[in-house]
Amino acid sequence: RAKANGGNRYHFYNHNLDREAVERIELRNALYQALRNSEFELHYQPQVSVVEGRIVGAEALIRWNRPGKGMVSPACFIPLAEECGLINEIGKWVLENACAQLKAWQQCGLNLRVAVNLSASQLDDPCFYDQLQSCLERHDLQPEHLELELTESTLMKHVDHTVELLNRLDRLGVHLSIDDFGTGYSSLSYLKRFPLNTLKIDQSFVRDLCIDPDDAVICRTIISMAKNLNLTVTAEGVEQEAQLNKLAELGCELYQGFLFSRPIPANELTRLCQEYIPPEVGRFAI
Ligand code: C2E
Ligand code: MG
Ligand code: MG
Ligand code: MG
């Protein structure tokens, strides 16, 4: 009897595995189609100065409008795209579209910096630098209006190669940021080795900033270290006024989060920038 049960369990488990494998293959094929059929879209989340409340930039975040399935989160398909070698193609699409949008904003008088997320394998692509440079040229953009976001694990993957590439990007004038700062496994010495401009404090430290003294210490430490290293700090995932007030007190320069705006389509951000009036300067006495 135990054996029979075991047998049943085995079949049940096996069936699930099959289904998962089939779903993954379907998802992968759908990703290939998605590129061809223009099912991707970029949404933009404003980056705002803490003290002045001005919109200074926007992070491009990819969305997949999968036919019949609605919006699929990048947390779900980016890892798969990385696994099946599609991420470089998708990354090229993202850069191209973000640059076109940046130019369109400049042409209507909006001075924004646009940030794009990069995956590790994009840095491994020997064509990456040339493609980026030609993308900027084609859209007649100054490199300093483009920001590239890299995670600690991306930076640590092939340190020597990455240092060299980032130095070239830095000489070109592109703005370089570390995303999800504080969550990766890496040593602080790389902050010296890489030519970085910005640390983005991971949202996991911001979430309980006002209730967990440990998170407050971590944010305070990141901000003071960044200041001493001449880096800008952006806080991610700011949802409450109290978090923003605390970040102002700690001297954080920029923030993003649902408090100000969720990621929104480009045309909505255009409207937001045109209609938005920053609060009185000096709202925060610091
Ligand atoms: P990320 O780069 O750290 O982006 C921040 C994520 O936090 C976004 O999720 C954003 O929608 C979300 N977020 C922003 N404000 C808040 C807030 O106040 N509260 C909460 N709870 N969440 C907030 P999203 O858009 O789902 O993207 C998830 C991740 O997918 C990104 O994390 C990034 O690692 C990756 N990703 C997105 N677009 C791209 C892309 O074009 N290329 C690559 N390689 N990765 C991308
Ligand atoms: Mg990011
Ligand atoms: Mg992040
Ligand atoms: Mg993240």
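Take 455 as the starting number for the sequence shown in full-length UniProt numbering and just add one per residue.
Even for Gly, the Cβ is constructed at its ideal location relative to N, Cα and C.
It should be emphasised that the depicted structure is a prediction, and the values quoted were computed from it without experimental measurement.
- Note on the region 558-599: whole alpha helix (DSSP H) runs with a minimum of 4 residues are 574-578, 582-592, in chain order.
- The C-alpha of D594 lies about 20 angstroms from the C-alpha of C581.
- If you check the C-beta of E693 against ligand 1, you find a heavy atom less than 8 angstroms away.
- When secondary structure is reduced to three states using DSSP, P500 falls in the strand class.
- Looking at the DSSP output, W547 bridges to nothing.
- L642 sits exposed, since fewer than 16 C-beta atoms from the chains shown fall within 10 Å of its C-beta.
- Excluding residues up to 5 positions away in sequence, R508, I509, V510, L708, Y709, Q710, F714 lie with their Cβ nearer than 8 angstroms to the Cβ of V502 in the same chain.
- Residue pairing by DSSP places P719 opposite H497 in a beta bridge.
- Between ligand 1 and the CB of Q728, the shortest heavy atom gap is not smaller than 8 angstroms.
- Judged by DSSP secondary structure, R517 falls within the beta strand (DSSP E) whose first and last residues are 509-520.
- Residue range 528-537 is occupied by the alpha helix (DSSP H) that includes F531.
- Burial is judged here by how many other beta carbons sit within 10 angstroms of a residue's own beta carbon; H629 has at least 16 and is buried.
- Of the residues assessed, Q697 falls on the buried side of the cut-off, its CB having 16 or more other CB atoms within 10 angstroms.
- Per DSSP, V628 lies in no alpha helix (DSSP H) segment and is marked neither H nor E.
- Judged by beta-carbon spacing, G627 lies beyond the 9 angstroms limit of V660, meaning their Cβ atoms are not closer than that value.
- In the same chain as L489, and ignoring 5 residues on each side of it, the C-beta atoms closer than 8 angstroms to its own belong to L540, E543, I544, W547, in chain order.
- Distance check between L620 and each of P649, E506, E550, K681 places P649 closest, using alpha-carbon atoms only.
- According to the DSSP assignment, V687 belongs to the beta strand (DSSP E) that extends over 686-689.
- Taking all protein chains in view, the Cβ of Y486 is surrounded by fewer than 16 other Cβ atoms within 10 Å, so the residue is classified as exposed.
- Distances taken from the Cβ of D634 to the heavy atoms of ligand 3 include one shorter than 8 angstroms.
- For the pair S607 and G638, the Cα-to-Cα distance works out to about 6 angstroms.
- One Cα belongs to W518, the other to A529, and the distance between them is close to 11 angstroms.
- Distance from the C-beta of N551 to the nearest heavy atom of ligand 2 is not below 8 angstroms.
- Counting along the chain, L653 sits inside the beta strand (DSSP E) bounded by residues 652-655.
- Here P500 is buried. Its C-beta has 16 or more other C-beta atoms within 10 Å.
- In its chain, beyond the 5 residues on either side, L515, R517, P717, I718, P719 have a beta carbon closer than 7 angstroms to the beta carbon of H497.
- For the options D579, Q694, L600, the alpha carbon positioned closest to that of K557 is the one of L600.
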